[in-house]
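Presented below is the structure to which this report refers.
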């Protein structure tokens, strides 16, 4: 918009016409601005993002969009004159009620009337709120254990030293929990944490922090075992895996390790069992890995088309498919070529998802009945439609590959029509494993195979706490304080849905 000043006409009619023209120009500029924003995001997504139906932005894309929006805000800020008519401001989301409030009174320099000089009285007030932050405060806990002696028999009595997470270590349970959460939940590598400590005048090198993490991971193994037992006791599990580049000892090179996750979440079919996720680490992706992980499990495993689960299926496990993966393949084609066939496939799949949204949280028998009545005919039509479209596709085309992918997985895709506990997709496992992909961008690689196993243990604990709506740091702090004094046959008491965070244990570590 051209803001160069021009002489204003004296004629009122001409002035009114100028205002009308400016309003039209302003609306045009607004629409253009919005269009350019949308185009920019689409181009950035195409250049840096991974194509998906949910536009799963990469870190680069997020940063570029943030920087762009910051620049736009900076350009728009200097406007000082407000228009005569303003749009009604959108209601701002209230700040959380649980946060403590500090009141700052802003009173005039004088309560005397500036016109007549007489004293004024209160006539109401305006209240607004700002979200503030207080820097993390580190402290030293000085533990004093006085000694008492008996004058008669010279007996000396002293309170026993409370256990520490790390024997003779200098870190409290809360500090160790913070280091773990920062790395595995907030994706802050240990070397960056060491730099942050240094800014606070605390000399803690990366190897010291790594020692804390390793010690905690070893202590928590029994709890991870309890999580596995709970997960494997379910009727249906979600499974997924992702790469975990791991540093080889000695030569500085990396090998491609893998994290596997298994999610039990019965909430979609009104199950009462708490949700949980169990992670495992391996240095290969062979079918023996999930076969070993699923040892003792009898039920339904919901996963993508990875052939490695076939060994487990041969041992009696039922496999369910993921319609989200089918949709994703058609979505990528639709975005790239605007194929009407791909868009029709997406439309048909969306109709199936609408049914699922309407029955989420209902008991299995109700879900099964509605699926049989509403979804089964749609799936049958979808299969016939796919078969007919395949005959029209060029051999080896992207569209043909997407259709063949769906047809090859059809038996596992329709299993959810026969079991009210099974989901239409494997999104539960994908959501649980997504933090590892974010962490991989920051950590670059696991320091060792042993570190990969510790990482799997800590991801299991933090992920399960998150699924149950529990603050990971508060939970992990409480667990570290109690685990040394919890018998191994009672470790279930420390699971997120059993532990009472409001009450300290009778005997806690520091």
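Residue numbers (full-length UniProt numbering): 1 to 510.
Virtual Cβ for every residue (Gly too), placed ideally from N, Cα, C.
Cβ pair count under 8 Å reaching 3, the region 487-501 against the region 305-318: no
Per the DSSP calculation, residue 301 is bridged to which residue(s)? 237, 319
With residue 158 as the anchor, note down where its alpha helix (DSSP H) starts and where it stops. From DSSP, residue 158 is part of no alpha helix (DSSP H) but of the beta strand (DSSP E) over 156-158.
In terms of residue numbering, what span does the alpha helix (DSSP H) encompassing residue 460 cover? In the DSSP assignment, residue 460 falls within the alpha helix (DSSP H) that extends over 449-467.
Residue environment, residue 293, which counts as buried when at least 16 other CB atoms sit within 10 Å: buried
Taking all protein chains shown into account, do 16 or more other C-beta atoms lie within 10 angstroms of the C-beta of residue 236, making it buried, or fewer, making it exposed? Buried: at least 16 other Cβ atoms inside 10 Å.
Might you give, ordered along the chain, the residues of its own chain that have their beta carbon closer than 8 Å to the beta carbon of residue 111, omitting 5 neighbours on each side? 119, 120
Might you give, ordered along the chain, the residues of its own chain that have their beta carbon closer than 6 Å to the beta carbon of residue 424, omitting 5 neighbours on each side? 323, 356, 416
Among 260, 301, 297, 276, whose alpha-carbon lies nearest the alpha-carbon of residue 284? 260
One or two residues paired with residue 257 in a DSSP bridge: 244
With DSSP as the reference, identify every bridge partner of residue 147, one or two as the case may be. 158
How is residue 112 classed by DSSP in three states: helix, strand or coil? strand
Nearest-angstrom Cα separation, counted from residue 30 out to residue 19: Going by C-alpha positions, residue 19 is about 16 Å away from residue 30.
Helix, strand or coil, according to DSSP, for residue 276 in the structure here? strand
Can you name, in chain order, every residue of its own chain whose Cβ lies under 6 Å from the Cβ of residue 444, other than the five neighbours on each side? In this predicted model, residue 444 has a pLDDT of only 49, less than 50, meaning its place in the structure is not dependable; the value taken from the coordinates is given anyway. So the list is empty, once near-sequence residues are dropped.
Just to check my reading of the structure: residue 148 and residue 140 have Cβ atoms closer than 8 Å, yes? What is that Cβ distance to the nearest angstrom? Residue 148 to residue 140, Cβ: 25 Å. No contact.
With 16 as the cutoff for other CB atoms within 10 Å, does residue 379 come out buried or exposed? buried
Does DSSP put residue 207 in a helix, in a strand, or in coil? helix
Local conformation of residue 429 per DSSP, three classes: helix
Take residue 360 as the anchor and find which of 484, 377, 268, 350 has the nearest alpha-carbon. Residue 360 has its Cα closest to that of 268, out of 484, 377, 268, 350.
Residue 173: which of 220, 134, 335 sits nearest, CA to CA? 220
Residue range of the alpha helix (DSSP H) that residue 489 falls in? No alpha helix (DSSP H) contains residue 489, which DSSP labels as neither H nor E.
Helix, strand or coil: how does DSSP classify residue 353 here? helix
Buried or exposed: residue 116, going by 16 or more other Cβ atoms within 10 Å of its Cβ? exposed
If you run the structure through DSSP and keep just helix, strand and coil, what is residue 173? helix
Smallest Cα separation from residue 313: which of 264, 297, 339? 297
Spatial distance of residue 125 from residue 109 (CA atoms): 16 Å
Exposed or buried, what is residue 289 when buried is set at 16 or more other beta-carbons lying within 10 Å of its beta-carbon? buried
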